Amino acid sequence: MMRYILPLILFLVLSVFLFKGLGRDTREVPSPLIGKAAPAFSLPQLQTPATQFAPKDMLGRVWLLNMWASWCEACKEEHPVLLEFAAQKVLPIVGVDYKDKREDGIATLQKAGNPYDVVISDLDGKAGFDYGVYGVPETYVIDKKGFIRYKQIGPITPKSLRDTLMPLITELQAK
Amino acid sequence: MKYENDNFAQRFLVPLYLREITSDLAGVVCQLSRVASSFISAGVRETGMAGIIGKCGRIAMPVLIGLLCLLPNLTFAAVAKDIADDPVIESRMIHLAEKVRCLVCQSEPVATSHSEWSQDVRNIMRAKMKAGATDQQILDMLVERFGKSVLYDPPVDNETMPLWGAPFVMLALGGVFLFFQLKKRRALVPEAVLSSQDEQRASTLLNESVSSSNSSKREARSPHLNPDGTTSHSTTLPNDGSQVAGYLPQGDEANASLRDENVKDNQA
């Protein structure tokens, strides 16, 4: 009897592994930056290039850092979700216009609406590189002490907002 | 060679506007030569002024053809922007970039990838190398930002231990399985107990096989030495080959395999 059951068990175990593998997105590389201090940078704001922004300006607050660009298709999908979320005024959202022409970035926000409290311009993508960005949109949840707590690769969806981001944000804000 | 390909591709990709200009130029030169040649032939045919115009044509054509030949040079005129000035750094960079995975394209190294992200990584590598960073420092910097999966050869540590250890664990498990399987099999095959009669028969058969070399091979093979080694009849049919051969037409290969099948059926 064992000689029939054992292969069956092996088969089932293998199937579970393969099935799990099917559902995994290999593009989603776990960020090694989670739990680490958000990399420092100082970049000009998109609309007012004379003013600089640095992550340390946000110390003491839980905030979102959202990397986007006017050329990014998935960002267009994310944009209405962000707009709706921003309207709830849960936390400051900082947008980084990643490797984009300044005028294109401004035009996009004028047309589609601006969900960001601050928008900065990362023309050459140096800051994005430090944050381990390899495909926009990417969103970071940064806590009061300036540590990265979570990284979302790909667009924020109502589901990811409700199930992942919101519980984490409430938890971090309570600290 | 990858370095050159990269270089080549970038040269072609960057000055797209130049290519357009050259194709326009080529068009103009084509038109000119067409006009010139029709002018020449018309001149020769109708006015008979073959002397002057023909000479002009004979000079103009080679000049035009020569110009056409020069055209491809224009496409190479622009120097691609993100190639390091220093070929040593460039080749070192490409060498290092072979070890780094392009996170956008996943199964391509940064060295050959045309994604924008890979170009950025190459540029950063060049800049760091110029600033005097070692290869290891650059790899560390990448791992710090993008995780170990950017490396094609992940380092051996606690996290990647299952990955590196799995083959050895599998091998050990296989070995244990094989060991017990062989042990079990040995227990399943009983020692052949021969009666004196059998022994006598066996020795006569063996002697026979020594004398007649070829035909007796099959007979000498006693069933408990069969590779399929099942138990059912280790001693009952010591010369099943010859027995079966008795009622089957002997001879070619097909028959031999038929016999073998028959023996297997008997055993099952």
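If you're matching them up, the sequences are chains A and B in order.
So the first sequence is numbered by numbering that gives the first Met the number 0: it starts at 0 and just counts up by one.
So the second sequence is numbered by numbering that gives the first Met the number 0: it starts at 0 and just counts up by one.
The beta carbon of each residue, even a glycine, is placed where N, CA and C say it ideally should be.
Remember, predicted model here, so these are calculated numbers, not experimental data.
Whole angstroms are fine: how far does the CA of residue 147/A sit from the CA of residue 129/B? 31 Å
Apply the 10 Å Cβ neighbour rule to residue 150/A and answer buried if 16 or more other Cβ atoms are within range, or exposed otherwise. buried
Our contact map puts residue 31/A next to residue 142/B with C-beta atoms below 8 Å; I'd like the distance itself, whole angstroms only. 7 Å
Beta-bridge pairing of residue 66/A - partner residues as DSSP gives them: 95/A and 137/A
List the endpoints of the continuous alpha helix (DSSP H) containing residue 3/A. 1-22
Who are the Cβ neighbours of residue 36/A in its own chain at under 6 Å, not counting the five residues just before and after it? 145 and 146
So within the region 101-177 of chain B, which uninterrupted alpha helix (DSSP H) runs reach at least 4 residues, ignoring any that extend past its ends? 115-129 and 134-145
Environment of residue 163/B [buried if 16+ CB atoms lie within 10 Å]: Residue 163/B counts as exposed, since fewer than 16 other beta carbons sit within 10 angstroms of its beta carbon.
Since residue 277/B contacts residue 29/A with CB under 8 Å, what's their CB separation in whole angstroms? Any question about residue 277/B goes unanswered here, given that chain B covers just 0 to 267.
Would you say residue 128/A faces chain B, with C-beta separation under 9 Å as the test? yes
Can you find the residues in the same chain that come closer than 6 Å, C-beta to C-beta, to residue 123/A, ignoring five residues on each side of it along the sequence? none
DSSP bridge partner residues for residue 149/A (one or two, in chain order): DSSP output for residue 149/A lists 140/A as bridge partner(s).
Are any of the Cβ atoms in chain B nearer than 9 Å to that of residue 205/A? Examination of residue 205/A is not possible in this model, given that chain A is present from 0 through 174 alone.
State yes or no: is the beta carbon of residue 14/A nearer than 9 Å to at least one beta carbon in chain B? no
Given that a residue counts as buried once 16 or more other Cβ atoms are within 10 Å of its Cβ, and exposed if not, what is residue 206/B? exposed
Among 126/A, 157/A and 81/A, whose alpha-carbon lies nearest the alpha-carbon of residue 144/B? 126/A
Tell me the rounded alpha-carbon separation between residue 113/B and residue 122/B. Residue 113/B and residue 122/B have their C-alpha atoms roughly 13 Å apart.
Taking 9 Å as the CB-CB limit, is residue 139/A close to chain B? no
Residue range of the beta strand (DSSP E) that residue 30/A falls in? Element bounds for residue 30/A: n/a, residue is neither H nor E.
Short Cβ contact (9 Å threshold) for residue 138/A with residue 63/A: Taking 9 Å as the Cβ cut-off, residue 138/A and residue 63/A qualify as a contacting pair.
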